[in-house]
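Each remark here refers to the structure printed beneath this line.
Numbering (UniProt numbering), first residue to last: 1 to 694.
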């Protein structure tokens, strides 16, 4: 019916009253919603469909679309007066609310509006029963939150509690930058969930096959580092830092001028389109769209209109933006998003990356680069920047999970005889210990969500970065706390099983996912690798054979565990038990372990984010790493402000006496070590005040 893989997965859940679709930008969520809405309108008794988007520019994604040519049951049509985002409807807020009320009272069946219009209209109608048998679809769902002050969240809660409305929620990132949950646990539990990862998306693309994530650190001003990261041959969106941020250096207009000078020489600006032409040093002419300049709004409108109409690769080369060209912005030819300055919000990072991940002919690789200030480790004020660096680290760790292959769970009791599990499936043996369907469903739908919550936890981030803190600190304390809070209705045993499953996902993804036995490297070391001999259709474990039976075997009859066929039926000769072996392996350290033999105590000892931290560490110097360590240690120091003030004169005297050397946290002298702790405490407090604008 003309559906992509993700759209087909969502359509399979079309009968759900509440559906949550989590899929990356550019995966086709808008069209998925068209399929769902039309089926509900035609086959499920739904009277009307309302699509709410966060900003007007995204409303264009729901323009009329031909679907029946590919075999679907109808085409998508929205009357111009019912698309309140594209200029066809009323212009003012009041006019849009009136148009919404007209739509609800009339016979038309599809309306597109902004989140704000939907909230205002809901209040104006003041009748929740008006939404009985109405589909409310919320695009970019991460704008919602469970906080009482979030009106959209309150509206959805009321719709679910007091009406028969259907709700479809869609997001490219299920997490808000403020870590506030989107829905209450009770409301979220009512949603059927469809999750589609970047990994699955890239696998399904025709042209785009890889995505690079990079952090580039600079000293001084970012403008001096632009030449190192800006490739004028790549179709690029440049997001400059907020004018109030520490990285801004100059005002936003001067920043654009500097970017133009890095690219080449200004040639001219087209009066009809607003597009700037720049000539590079090798004679190429670049077309640059400046979305930063807001001094003349008519010029910005010209540029935005030009970008909406740009359908060819040569129409645009560079886009410079501030607060724009992120969510819902569609430029398929974009190969590189260069983002200047720290981004503490996972949502924003995912949305930015999504600008480059459209599948497009001639584009095999997409790149995200974050150009961020490298703090001067000798500066007392670096700790605020170190805080931001820790945010960058946690974001990169989370991206490792978003991009990793999906790990899915199946109970052994749900297996069909002869079934061969696809690679990436962890079989949960529930023959000895009961494992509920609820646990498996949570792991399959919410696993990445739980990991994201963990990595956004400041204490968790510090513990993982701190080389001296055992991984168990997080894995045995913080993660169970998150699970217990998120699933209060689960039993203690179920909560523990969820924790074990999440740890398995993190360890597997951190080491490159699960690997089928026949795909292991030739020199792979397999921990306690089994040996088998084939007897009929069964593979007998050699450890269960008698010495006499073993002595009669020829070397060519012995089959290593990694070489067993998929779905092999393995027999224990002692007990007679026969079971299918999940012949997939996970890398722990230098060795591979069969997932069926995973020891949870071993997993708890693994720091699943160590690899990502090491990747970042290669890009910074030892002084900066020391600053990060000092910050982490300072957070654990037990000290009062009074003691720190008392020790400050001694610290100054120590530095003067020792030719500028600061007290060391590793000092054997008790007083020097305490002075070092006081200094770390003072610096940390100062950084907190700087970060808070005090």
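Note that beta-carbon positions come from the ideal geometry of N, C-alpha and C, so glycine has one too. A quick note: this is a predicted structure, and the numbers were derived from the prediction, not measured.
According to DSSP, residue i sits in a beta bridge with which residue or residues?
i, result
"residue 533", "540, 558"
"residue 339", "239, 370"
"residue 218", "373"
"residue 83", "112"
"residue 409", "426"
"residue 525", "591"
"residue 170", "21"
"residue 213", "368"
"residue 275", "Residue 275 pairs with nothing; no bridge assigned."
"residue 105", "Note: residue 105 sits in no beta bridge, so no partner."
"residue 193", "20"
Going by the beta-carbon positions, is the gap between residue i and residue j smaller than 8 Å?
i, j, result
"residue 191", "residue 19", "yes"
"residue 318", "residue 285", "no"
"residue 140", "residue 54", "yes"
"residue 229", "residue 125", "no"
"residue 442", "residue 507", "no"
"residue 256", "residue 305", "no"
"residue 499", "residue 478", "no"
"residue 204", "residue 4", "yes"
"residue 216", "residue 369", "yes"
"residue 530", "residue 419", "no"
"residue 136", "residue 159", "yes"
"residue 104", "residue 85", "no"
"residue 235", "residue 336", "yes"
"residue 227", "residue 262", "yes"
"residue 415", "residue 580", "yes"
"residue 27", "residue 279", "no"
"residue 561", "residue 595", "no"
How far does the beta strand (DSSP E) with residue i in it reach, from first residue to last?
i, result
"residue 502", "Taken as a continuous stretch (DSSP letters only), residue 502 belongs to no beta strand (DSSP E), being part of the alpha helix (DSSP H) at 492-510."
"residue 265", "265-269"
"residue 584", "584-588"
"residue 569", "569-571"
"residue 479", "Not the beta strand (DSSP E): residue 479 falls in the alpha helix (DSSP H), residues 479-486."
"residue 21", "18-22"
"residue 290", "285-290"
"residue 53", "48-53"
"residue 135", "134-138"
"residue 318", "318-321"
Select from the options the residue whose C-alpha is nearest the C-alpha of residue i.
i, options, result
"residue 524", "591, 472, 552, 483", "591"
"residue 476", "519, 605, 353", "605"
"residue 197", "509, 519, 333, 571", "509"
"residue 576", "541, 607, 77", "541"
"residue 326", "372, 240, 569, 310", "240"
"residue 245", "186, 262, 343", "343"
"residue 374", "218, 99, 85, 571", "218"
"residue 435", "410, 187, 33", "410"
"residue 270", "280, 250, 315, 234", "315"
"residue 329", "59, 79, 248, 426", "59"
"residue 446", "427, 474, 505", "505"
"residue 407", "659, 138, 512", "512"
"residue 22", "563, 263, 81, 193", "193"
"residue 82", "70, 570, 49", "49"
"residue 686", "641, 121, 660", "641"
"residue 674", "651, 493, 658, 657", "651"
"residue 242", "341, 157, 308, 162", "341"
"residue 432", "450, 423, 448, 412", "412"
"residue 607", "250, 659, 473", "473"
"residue 188", "262, 249, 449", "449"
"residue 534", "515, 565, 360", "565"
"residue 80", "112, 26, 371, 248", "112"
"residue 598", "688, 539, 528", "528"
Identify the continuous alpha helix (DSSP H) that holds residue i and give its terminal residues.
i, result
"residue 43", "29-43"
"residue 206", "It is not in any alpha helix (DSSP H) - residue 206 carries neither H nor E in the DSSP assignment."
"residue 578", "It is not in any alpha helix (DSSP H) - residue 578 instead sits in the beta strand (DSSP E) that spans 578-580."
"residue 361", "Element bounds for residue 361: n/a, residue is neither H nor E."
I'd like to know if residue i contacts chain B, where contact means its C-beta is closer than 8 Å to some C-beta of that chain.
i, result
"residue 336", "Of the protein chains in this structure there is only one, and it is not chain B."
Exercise. Should the stretch 216-231 be called in touch with the stretch 320-330, which here means at least 3 C-beta pairs below 8 Å?
Worked result: no
For this session: Flag this pair as touching only if the stretch 643-662 and the stretch 674-692 have three or more C-beta atom pairs under 8 Å; answer yes or no.
Result: yes
For this session: Pair every Cβ in the stretch 437-452 with every Cβ in the stretch 579-586, then say whether three or more of these pairs are closer than 8 Å.
Result: no
Exercise. Do the stretch 203-219 and the stretch 359-378 touch if we need at least three Cβ pairs shorter than 8 Å?
Worked result: yes
Exercise. Does the stretch 120-134 touch the stretch 57-67, meaning 3 or more C-beta pairs lie closer than 8 Å?
Worked result: no
Exercise. Using 8 Å as the threshold, is the stretch 421-432 in touch with the stretch 482-489, meaning 3 or more CB pairs across them?
Worked result: no
Exercise. Okay, do the stretch 69-76 and the stretch 27-44 touch, 3+ Cβ pairs below 8 Å being the bar?
Worked result: Segments in contact, yes.
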